[in-house]
Every structure is written in C-alpha cells, then in structure tokens.
Amino acid sequence: MSKIDLFSKEWLDVVFEKKNKAYGAYELRQSNAWNTTKSLFIASAIFILLFLAPKIYALLKGLAPEPPQEKMTEVVISTPPPINPEVKTPPPVEPPPPKQDQVKFPPPVVKPDNLVRDEEPPKAEDLKKADPGQKTVEGDPTADIVQIAPVGEGPKQAQIVEDNTVYNFVSMENPPTFPGGIEKFYDFLSKNIKYPPMAAENNIQGSVFLSFTVEKDGSLTDIKVERKLGYGTDEEAVRVLKLSKRWNPGMQNAKPVRVKYNIPIKFSLQ
Numbered sequence: 001m002s003k004i005d006l007f008s009k010e011w012l013d014v015v016f017e018k019k020n021k022a023y024g025a026y027e028l029r030q031s032n033a034w035n036t037t038k039s040l041f042i043a044s045a046i047f048i049l050l051f052l053a054p055k056i057y058a059l060l061k062g063l064a065p066e067p068p069q070e071k072m073t074e075v076v077i078s079t080p081p082p083i084n085p086e087v088k089t090p091p092p093v094e095p096p097p098p099k100q101d102q103v104k105f106p107p108p109v110v111k112p113d114n115l116v117r118d119e120e121p122p123k124a125e126d127l128k129k130a131d132p133g134q135k136t137v138e139g140d141p142t143a144d145i146v147q148i149a150p151v152g153e154g155p156k157q158a159q160i161v162e163d164n165t166v167y168n169f170v171s172m173e174n175p176p177t178f179p180g181g182i183e184k185f186y187d188f189l190s191k192n193i194k195y196p197p198m199a200a201e202n203n204i205q206g207s208v209f210l211s212f213t214v215e216k217d218g219s220l221t222d223i224k225v226e227r228k229l230g231y232g233t234d235e236e237a238v239r240v241l242k243l244s245k246r247w248n249p250g251m252q253n254a255k256p257v258r259v260k261y262n263i264p265i266k267f268s269l270q
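First residue of the sequence shown? That's 1 in the UniProt record's numbering, and the numbers climb one at a time after it.
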C-alpha cells in the first residue's frame, strides 16, 4: 500500500475540487510544511541562545576593564602622653540631699563568692517611706528639685528646675481651694452673675461647664468654655470667673504647682 501525502498539491487539489479555495483552510494546508520547518528553526535558535547565554556573559565580562583598586592608607596612632602625678583630679561633687528619704537598695550585681557581703536588704515598710538608692540618705523636705551636671564637664552648681507642669485636680495631694471653701465660691458666683436678658427672654436654663488653671500664686488663667449654653450665658460665666479673687494654690511635694480645675456654673430662673 503506497503512502499518501495529504499535504501534497495534487491531493489538496483533489480534496478542494469544486470548493472555495480562497477559504483559509486551503492556504493553511498548502503552507503547513514551511510553517512547521520555520517554527522548528526558531525554537532551536532560542534554545541554543539560552544555553550559551551564561558563557557569552562570562566572555563579555572578561573583556571589560577591571575597576581600579582602592588605595589603602596606613594610620599610625601616636602614643598618649604620660600621666602627670602632680595633676590631681578634682573630687566628685556630692549631690544635694533629696526631698524624700532614701534607703540603700542598689540594683543587684553579679560578683564572685569571695566578694559578696551579706547585708540585710531593706524591708517593704522602709521602701514605702523612702526611695531606693545607692546609699541611705536623710531627705530634706525644703530642698528644691535640682539637676546634676553631666559627668565629664567638671564641677558645676546644681541648677534649680522650675516645675511648670499643669497637674490634674484628681491626682493632687493638696488641690487648690477657694478662700473659705467651695460654698463661699458659689456664693460669690450667685452674687455677681447677671442673668443675660436674651437667655431670660427665651427661658434658657442649664449649666455652662468651664475649665481654668489655678496658678502658683492663686490667680485664674486660661479660662475656657468646655460646654456652651448660649444666649450670652457663656460670656457671663467667663466674666464672673475673671472677677474671682486669688485661690489657695495646689500643693505637690510641699511646693505650689499649677492645677487645671473644672467647674459648672448653673443658670436658673427663679
């Protein structure tokens, strides 16, 4: 039995006899052998190129000029000058006593057994009354808050650091008070507040919530309206607070400090 080439021109003419040869199938079958050969050559060329790419890259890299070598500079460190025994190092400056009593309770340090000294650690009751430190020191309640000069800058005078922190009323040891108590303060408000005509005409009643800072000298500053009522009541509340006399300032660590205070002022038609 003879082999039939289905893609030969004679066989194609027999298959597509009396058919539309302008149709794409006739052209595809006619050019099938050439397309297959061309695809084989392209795939082989790509495979060979990928296989030889590392060798070509190494060859091109060997032809490139080498970068110049870095210059190494030898640094010679001079010998430090000898220590003069006549020059004496000034003794360290002892810090002033703290405000709070201090009991010796340094952090633990790992030492050999022959250097360990059996010392009884402070009790929990002692730590409630005093702060832990490197040694036991009696505190000075009248001492100021100081800042010691950094090591290496020589002896310096201790600098007093002024505490301008605005404390919260709730966390105070001794909060600020109006002379005579809070009842006297509300009596002062009731005597000096003038009901705004616009609020009275519109039957406006309620509370204006304000905040202010009681300074170290007892004066009131930074007066702000935190919750408004409107119709002139907010401005009237601020006006009356500015007329207040000096308060007794808040005390923290036996020193006067700045304290933020919040208060409602009620407007009621009677």
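Virtual Cβ for every residue (Gly too), placed ideally from N, Cα, C.
Can you find the residues in the same chain that come closer than 8 Å, C-beta to C-beta, to residue i, ignoring five residues on each side of it along the sequence?
i: MET1; result: Confidence in MET1 is poor, its pLDDT being 48 and thus under 50, which makes the residue's placement too unreliable to answer from.
i: GLY181; result: none
i: LEU269; result: TYR195, ALA200, ASN203 and GLN205
i: LYS184; result: PHE178
Please state whether DSSP places residue i in a helix, a strand or coil.
i: ASP187; result: helix
i: MET198; result: helix
i: GLU235; result: helix
i: SER219; result: coil
i: LEU49; result: helix
i: PHE178; result: coil
i: ALA267; result: According to the sequence shown, residue 267 is Phe rather than Ala. PHE267: strand per DSSP, three-state reduction.
i: LYS228; result: coil
i: LYS255; result: strand
i: PHE169; result: coil
i: ASN84; result: coil
i: MET207; result: As written in the sequence, residue 207 is Ser, which differs from the Met given in the question. Three-state DSSP puts SER207 in a strand.
i: LYS260; result: strand
i: PRO155; result: Bear in mind that a pLDDT of 49 at PRO155, under 50, signals an unreliable position, so the number given afterwards is only what the model happens to contain. PRO155: coil per DSSP, three-state reduction.
i: ASN248; result: strand
i: THR213; result: strand
i: PRO92; result: coil
i: ILE193; result: coil
i: THR136; result: coil
i: ASN164; result: coil
i: ILE77; result: coil
Note down the Cα distance separating residue i from residue j, rounded to an integer number of angstroms.
i: GLU80; j: TYR57; result: For the sequence presented, residue 80 should be read as Pro rather than Glu. Roughly 55 Å between the two C-alpha positions.
i: LEU63; j: PHE51; result: 20 Å
i: VAL166; j: TYR261; result: 10 Å
i: ALA158; j: GLU138; result: Unreliable positioning characterises ALA158 in this predicted model, as indicated by a pLDDT of 48, which lies under 50. The coordinate reading is nonetheless provided below. Cα-Cα distance, rounded: 19 Å.
i: VAL208; j: THR136; result: 52 Å
i: GLN252; j: PRO96; result: 20 Å
i: VAL173; j: ASN202; result: The amino acid at residue 173 is misidentified as Val; the sequence shows Glu. The alpha-carbon atoms of GLU173 and ASN202 are separated by roughly 44 Å.
i: ARG258; j: ASN164; result: 7 Å
i: PHE41; j: LEU49; result: 12 Å
i: GLU236; j: ALA254; result: 35 Å
i: PRO197; j: LEU189; result: 18 Å
i: THR177; j: LYS88; result: 56 Å
i: ASN192; j: ASN168; result: 28 Å
i: GLU162; j: PRO175; result: 19 Å
i: SER78; j: LYS55; result: 52 Å
i: ILE44; j: THR73; result: A quick correction: the sequence has Ser, not Ile, at residue 44. Looking at the two C-alpha atoms, the distance is approximately 55 Å.
i: ALA53; j: VAL75; result: 46 Å
i: ASN35; j: LEU59; result: 35 Å
i: ASP187; j: VAL214; result: 19 Å
i: ILE46; j: SER39; result: 11 Å
i: THR37; j: LYS61; result: 35 Å
Residues in its own chain within less than 6 Å of residue i by CB, not counting five upstream and five downstream?
i: PRO256; result: LYS216 and PRO249
i: ASN234; result: This sequence places Asp at residue 234; Asn is not what is there. Excluding sequence neighbours, ASP234 sits near VAL208, VAL225 and LYS228.
i: ILE223; result: PHE212, VAL238 and LEU241
i: LYS266; result: SER207
i: ILE83; result: none
Here's a check: name, in chain order, each residue in its chain whose Cβ is nearer than 7 Å to the Cβ of residue i, leaving out the five neighbours to either side.
i: ILE263; result: LEU210
(message) Closer than 8 Å is the cut-off here; do at least three beta carbon pairs connect the segment 218 to 228 with the segment 237 to 253?
(response) Because the criterion of three Cβ pairs below 8 Å is met, the segment 218 to 228 and the segment 237 to 253 touch.
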